[in-house]
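2 protein chains.
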Amino acid sequence: MSDSAVKTILGADAVGHRAAVVGAGHTRFGTLDAGPRALLRSAVDEAFATVDRGVERSLVGEAFLATLGFGGWQIGNASAVLAEEAGLGGVPTTRIENACASGGSAIRAAVRAVESAGRGLVLVAGLEKMTDVSNARRRYWLGVSGDTEWERSAGLTFAGVYGLIAARYLSEHHVGPEALEEVAVKNHANGALNPKAQFQKPVTREQVRAAPRVADPLGLFDCCPVSDGAAALLLAPAATARQFTDTPVYIDGVGAGSDSLAVQERPELTRFGASRWAADEAFHAAGVSHSDISFLEVHDCFTIAELLALEDLGFAPPGGAGPLTLEGATRRDGRWPVNPDGGLKAKGHPIGATGVSQAYEVFLQLRGAAGPRQVPNAHHALTHNVGGAGATANVTIFSVG
Amino acid sequence: MSDSAVKTILGADAVGHRAAVVGAGHTRFGTLDAGPRALLRSAVDEAFATVDRGVERSLVGEAFLATLGFGGWQIGNASAVLAEEAGLGGVPTTRIENACASGGSAIRAAVRAVESAGRGLVLVAGLEKMTDVSNARRRYWLGVSGDTEWERSAGLTFAGVYGLIAARYLSEHHVGPEALEEVAVKNHANGALNPKAQFQKPVTREQVRAAPRVADPLGLFDCCPVSDGAAALLLAPAATARQFTDTPVYIDGVGAGSDSLAVQERPELTRFGASRWAADEAFHAAGVSHSDISFLEVHDCFTIAELLALEDLGFAPPGGAGPLTLEGATRRDGRWPVNPDGGLKAKGHPIGATGVSQAYEVFLQLRGAAGPRQVPNAHHALTHNVGGAGATANVTIFSVG
Numbered sequence: 141m142s143d144s145a146v147k148t149i150l151g152a153d154a155v156g157h158r159a160a161v162v163g164a165g166h167t168r169f170g171t172l173d174a175g176p177r178a179l180l181r182s183a184v185d186e187a188f189a190t191v192d193r194g195v196e197r198s199l200v201g202e203a204f205l206a207t208l209g210f211g212g213w214q215i216g217n218a219s220a221v222l223a224e225e226a227g228l229g230g231v232p233t234t235r236i237e238n239a240c241a242s243g244g245s246a247i248r249a250a251v252r253a254v255e256s257a258g259r260g261l262v263l264v265a266g267l268e269k270m271t272d273v274s275n276a277r278r279r280y281w282l283g284v285s286g287d288t289e290w291e292r293s294a295g296l297t298f299a300g301v302y303g304l305i306a307a308r309y310l311s312e313h314h315v316g317p318e319a320l321e322e323v324a325v326k327n328h329a330n331g332a333l334n335p336k337a338q339f340q341k342p343v344t345r346e347q348v349r350a351a352p353r354v355a356d357p358l359g360l361f362d363c364c365p366v367s368d369g370a371a372a373l374l375l376a377p378a379a380t381a382r383q384f385t386d387t388p389v390y391i392d393g394v395g396a397g398s399d400s401l402a403v404q405e406r407p408e409l410t411r412f413g414a415s416r417w418a419a420d421e422a423f424h425a426a427g428v429s430h431s432d433i434s435f436l437e438v439h440d441c442f443t444i445a446e447l448l449a450l451e452d453l454g455f456a457p458p459g460g461a462g463p464l465t466l467e468g469a470t471r472r473d474g475r476w477p478v479n480p481d482g483g484l485k486a487k488g489h490p491i492g493a494t495g496v497s498q499a500y501e502v503f504l505q506l507r508g509a510a511g512p513r514q515v516p517n518a519h520h521a522l523t524h525n526v527g528g529a530g531a532t533a534n535v536t537i538f539s540v541g
Numbered sequence: 141m142s143d144s145a146v147k148t149i150l151g152a153d154a155v156g157h158r159a160a161v162v163g164a165g166h167t168r169f170g171t172l173d174a175g176p177r178a179l180l181r182s183a184v185d186e187a188f189a190t191v192d193r194g195v196e197r198s199l200v201g202e203a204f205l206a207t208l209g210f211g212g213w214q215i216g217n218a219s220a221v222l223a224e225e226a227g228l229g230g231v232p233t234t235r236i237e238n239a240c241a242s243g244g245s246a247i248r249a250a251v252r253a254v255e256s257a258g259r260g261l262v263l264v265a266g267l268e269k270m271t272d273v274s275n276a277r278r279r280y281w282l283g284v285s286g287d288t289e290w291e292r293s294a295g296l297t298f299a300g301v302y303g304l305i306a307a308r309y310l311s312e313h314h315v316g317p318e319a320l321e322e323v324a325v326k327n328h329a330n331g332a333l334n335p336k337a338q339f340q341k342p343v344t345r346e347q348v349r350a351a352p353r354v355a356d357p358l359g360l361f362d363c364c365p366v367s368d369g370a371a372a373l374l375l376a377p378a379a380t381a382r383q384f385t386d387t388p389v390y391i392d393g394v395g396a397g398s399d400s401l402a403v404q405e406r407p408e409l410t411r412f413g414a415s416r417w418a419a420d421e422a423f424h425a426a427g428v429s430h431s432d433i434s435f436l437e438v439h440d441c442f443t444i445a446e447l448l449a450l451e452d453l454g455f456a457p458p459g460g461a462g463p464l465t466l467e468g469a470t471r472r473d474g475r476w477p478v479n480p481d482g483g484l485k486a487k488g489h490p491i492g493a494t495g496v497s498q499a500y501e502v503f504l505q506l507r508g509a510a511g512p513r514q515v516p517n518a519h520h521a522l523t524h525n526v527g528g529a530g531a532t533a534n535v536t537i538f539s540v541g
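Top line first, the protein sequences correspond to chains P and S. If you want the numbering used here, it's the position in the first sequence, counting the first as 1, plus 140. If you want the numbering used here, it's the position in the second sequence, counting the first as 1, plus 140.
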């Protein structure tokens with residue numbers, strides 16, 4: 141599709157605040173004892189508890205659940221479980237599944253629900269319970285979001301796909317693995333300051349380099365872990381958000397894009413068209429530019445994915461994300477802090493929860509409530525959530541004040 | 141939630157036409173040779189071909205796929221496959237899964253996307269490929285949308301749940317199984333006139349009564365079949381729909397509701413709260429009343445479900461659906477024709493496709509293009525799509541002219 145056709149479809153003008161996050165909850169990520177229902181309850185209860193002036197559950201008019209249903213605990217109709225556990229019996233509830241981008245896609249749907257319903261609140265929750273299955277089943281479920289017909293039948297895992305992409309990236313740009321290592325070091329350093337992160341331990345470049353290889357050039361510290369966890373947001377109409385809090389976090393732009401499911405069908409390996417599309421739509425809708433963004437939460441399922449994201453989102457030219465990372469621009473005190481919560485890499489990646497978790501971090505940061513990992517003077521933030529190896533993607537732009 | 145709270149959330153006023161169906165496609169339902177990708181392509185291509193004045197695919201700005209992913213052909217990220225097969229590379233695409241109500245939920249999401257994007261078209265497709273798996277796997281997949289923790293572990297299948305509901309219904313209302321039999325006879329008679337139906341053969345009351353029992357009082361002819369198939373709709377903004385056709389079919393009201401996943405948690409067995417909620421929202425939003433409805437497409441996964449639907453949707457009081465059915469009011473020439481396409485019962489029930497298929501029938505009927513099964517003078521229609529045994533439900537109200 142041409143750019144002009146897209147502009148026609150998406151509309152020419154930014155619309156301002158589209159919705160506001162007025163509450164947010166988040167379980168610890170990691171290997172947890174709690175089951176799926178308890179995880180949901182915990183995140184949702186916290187989201188309600190964080191609404192500054194309180195809110196009756198009866199004001200919630202719709203709910204969305206982002207989950208892959210990992211392990212098959214409730215493959216069909218799981219959105220009904222969210223309504224039950226949230227104490228929202230009767231309300232419309234919908235499961236959104238776009239693999240690892242499910243959370244971002246659910247936020248997109250929820251923003252529209254807020255706009256459409258007019259006056260109610262909308263609950264978005266993301267959930268995955270990944271550690272309760274055997275290794276054989278885990279391998280199965282980790283693969284279900286990749287191309288089943290070709291890539292999986294060729295034996296490709298996600299680490300394998302991203303390993304190929306990383307090798308290609310290093311070769312195309314004639315660079316070594318230092319930037320990948322730096323992504324791991326930075327995100328582990330951030331995770332060490334996040335009490336809800338799965339890994340709260342810094343690592344050194346030497347440790348990253350010496351770790352066992354998973355899919356060359358990616359080693360153990362280049363890969364996000366398998367995680368349990370849930371996150372939840374309460375969205376209110378922008379116009380009424382101040383009934384609930386003095387510091388609503390606004391959603392100003394929501395973008396999404398897609399690409400072929402199989403990486404082999406794409407013209408290039410080292411750029412994700414879906415991310416680029418999503419960013420174009422989100423920036424256009426929000427009416428802001430890159431220089432307005434205070435910090436980013438990007439989908440670093442593997443360290444290489446953070447470099448791709450910086451380029452696809454327009455924060456660096458092709459090949460430019462490495463230097464940007466190595467010069468420290470993406471550290472918490474850099475020009476564009478990336479993944480101050482530790483990212484998927486250190487915070488963990490419970491599939492359906494991840495996109496919602498990114499927005500949770502934005503909720504804390506833009507309200508100045510992120511504690512020792514606070515990004516100073518943050519006013520705009522961008523989240524970026526990818527499904528599979530770039531087959532679907534979402535970008536959301538937030539603001540405060 | 142109280143009724144007044146609901147009114148506050150949903151908004152007090154009907155908004156008129158919210159979107160328009162300008163094209164619709166539908167494969168044959170049944171045991172088909174075609175695989176999932178070919179089914180999608182076929183339904184989507186027909187949807188584009190039915191747009192009277194034609195449409196460029198580049199005008200489609202978003203896509204939604206309703207599917208359970210039966211058999212696990214592509215459990216995660218299947219929405220990317222829709223974008224590929226529809227020739228919509230790059231556009232935002234989202235999988236919506238609410239079990240057997242996935243299609244209705246996807247239409248709800250698509251209507252909001254049309255409103256939100258402002259000027260583009262939105263594609264909704266529903267798909268299931270159910271016959272390509274072994275019997276053991278089929279039993280597994282047929283159960284995944286029920287309550288996994290209690291009902292399935294007690295050995296309850298969906299036929300079992302609906303059999304219990306049917307027994308209770310007959311007992312509560314002190315009636316025999318004649319109305320159930322009449323639902324089967326009527327829907328098979330309608331299916332016999334639908335060239336896309338899985339079963340195109342009339343059956344008699346005697347045949348229905350003599351059929352093997354599945355879950356007493358439900359026999360073989362009380363149960364919908366296992367089906368392959370796909371359906372697709374092209375939605376346009378209501379304001380620009382006449383650029384594409386002189387006879388857009390408008391969507392005026394979209395309602396949804398939920399209930400506990402497990403039937404055992406509900407106060408009564410013979411009414412589905414989710415359907416009642418969905419109907420309330422849809423009627424309210426459309427600003428029409430029951431007397432305005434020309435015909436209905438309801439979720440008759442089992443014959444008992446059609447009786448429940450008539451009552452939950454407000455077309456008959458509790459216990460009144462049997463007499464209404466037996467007096468012929470739901471036949472094609474009755475006051476409120478129900479399932480003129482044969483319903484899930486005779487047309488077939490490829491899970492994710494069903495809600496979209498119901499809207500396809502509305503598209504034909506409201507444009508006077510349903511051939512020998514045409515409902516005379518149809519101007520408003522209602523579709524009703526249920527997930528699981530009533531855990532989720534959608535109601536959509538359409539109009540023409």
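Note that CB positions come from ideal geometry on N, CA and C, so glycine has one too.
May I ask you to report which of helix, strand or coil DSSP gives residue i?
i        : result
Leu199/P : helix
Val438/P : coil
Pro458/S : coil
Thr532/S : strand
Lys269/S : strand
Asp356/P : coil
Val264/P : strand
Phe412/P : coil
Val323/S : helix
Val366/P : coil
I need the straight-line Cα distance from residue i to residue j, nearest angstrom please.
i        : j        : result
Trp213/S : His524/P : 27 Å
Gly151/S : Ala378/P : No answer about Gly151/S holds up, because its pLDDT of 45 lies below 50 and its placement is not dependable.
Glu421/P : Gly427/P : 10 Å
Glu437/P : Val526/P : 12 Å
His166/S : Ala372/S : 6 Å
Phe384/P : Gln498/P : 22 Å
Arg279/S : His489/S : 15 Å
Ala414/S : Pro457/P : 51 Å
Asn517/P : Gln505/P : 9 Å
Phe442/S : Ile247/P : 35 Å
Gly462/P : Ala486/P : 19 Å
Pro335/S : Ala329/S : 12 Å
Ala510/S : Phe503/S : 9 Å
His157/P : Ala250/S : 21 Å
Gly295/P : Ala402/P : 13 Å
List the residues of chain P whose Cβ lies closer than 7 Å to the Cβ of residue i, in chain order.
i        : result
Asp272/S : The contacting residues do not exist; Asp272/S stays about 13 Å from chain P at best.
Trp417/S : Gly230
Gln214/S : Thr288
Ser256/S : Arg252, Glu255
Which term fits residue i, buried or exposed, when burial requires 16 or more other beta carbons within 10 angstroms of its beta carbon?
i        : result
Asn479/P : buried
Glu346/P : exposed
Gly541/P : exposed
Tyr500/P : buried
Gly512/S : For the record, residue 512/S in the displayed sequence is Pro; it is not Gly. Label assigned to Pro512/S: exposed.
Ala350/S : exposed
Name the chain S residues that come within less than 7 Å of residue i, Cβ to Cβ?
i        : result
Gln404/P : By Cβ distance, chain S contributes nothing, its closest Cβ being about 12 Å from Gln404/P, past 7 Å.
Arg353/P : Simply none; closest approach about 26 Å.
Glu186/P : Residues of chain S passing the Cβ test: none, with the nearest at roughly 22 Å.
Thr532/P : Asn217, Ser219, Ala220, Thr233
Kindly list, in the order they appear in chain P, the residues whose Cβ is closer than 8 Å to that of residue i.
i        : result
Pro490/S : What Pro490/S touches in chain P: nothing, since even the nearest Cβ is about 14 Å away.
Please list, in chain order, the chain S residues whose beta carbon lies closer than 8 Å to that of residue i.
i        : result
Ser400/P : Ala220, Glu224, Gly229
> According to a CB-to-CB cut-off of less than 7 Å, which residues of the region 277 to 294 of chain P neighbour chain S?
Replying inline: Listed by position along the chain: Val284, Ser285, Thr288.
> Quick one, which residues of the region 233 to 247 of chain P are near chain S if we go by CB-CB under 7 Å, in chain order?
Replying inline: Flagged, chain order: Thr233, Thr234, Arg235, Ile236, Glu237, Asn238, Ala239, Ser245.
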